[in-house]
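Some notes on the structure that comes next.
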Amino acid sequence: MMTHAELDAYLLKFDGATKTTDLDNRDIGYTVVNRAGETKLFAVVVENSRPIQISLRCDPLLAKTLRERYESVVPATKLHRRSWNTILWTGQLSDDEIKDLVHLSYRLARGEVVATL
Numbered sequence: 724m725m726t727h728a729e730l731d732a733y734l735l736k737f738d739g740a741t742k743t744t745d746l747d748n749r750d751i752g753y754t755v756v757n758r759a760g761e762t763k764l765f766a767v768v769v770e771n772s773r774p775i776q777i778s779l780r781c782d783p784l785l786a787k788t789l790r791e792r793y794e795s796v797v798p799a800t801k802l803h804r805r806s807w808n809t810i811l812w813t814g815q816l817s818d819d820e821i822k823d824l825v826h827l828s829y830r831l832a833r834g835e836v837v838a839t840l
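Residue numbers for the sequence shown follow this note's numbering, so the first one is 724 and each next one is one higher.
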């Protein structure tokens, strides 16, 4: 499983991704500018959480399906619960599966049309 430092480096590899700590004292946000010129969150990480907790944008139907399938995927508490999931990085989902969900979240934040399920 990734460390916080490895996750931070991975999230910042996305084109145009920036990091913000303006959310609250424990959350780190990762943003991108969409096609309309608006800054949008695509990931929120709880700093130094064990296990790592990452909240990601998600298609509402996929978000619901993931919550039903995995105990480690729950509705995000501080974001729009219908289209954001919080993933507890316990090993229930593989690193590659979580990376795929990060990529989906990034694409949704950029305003791309994304086919899911």
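C-beta atoms are modelled at their ideal positions from N, C-alpha and C, and glycine is treated no differently.
Sequence-distant partners of Pro774 (beyond 5 residues in either direction) whose C-beta falls short of 7 Å from its own C-beta, in its chain, are Leu811, Trp812, Thr813.
In the structure shown, Ile821 adopts helical secondary structure according to DSSP, grouped into three states. For Leu811, the enclosing beta strand (DSSP E) stretches over residues 807-811. Between Val825 and Leu734 the beta-carbon gap is near 7 Å, inside 8 Å, which marks them as a contact. Secondary structure note for Asp731: its alpha helix (DSSP H) is the uninterrupted segment 727-734.
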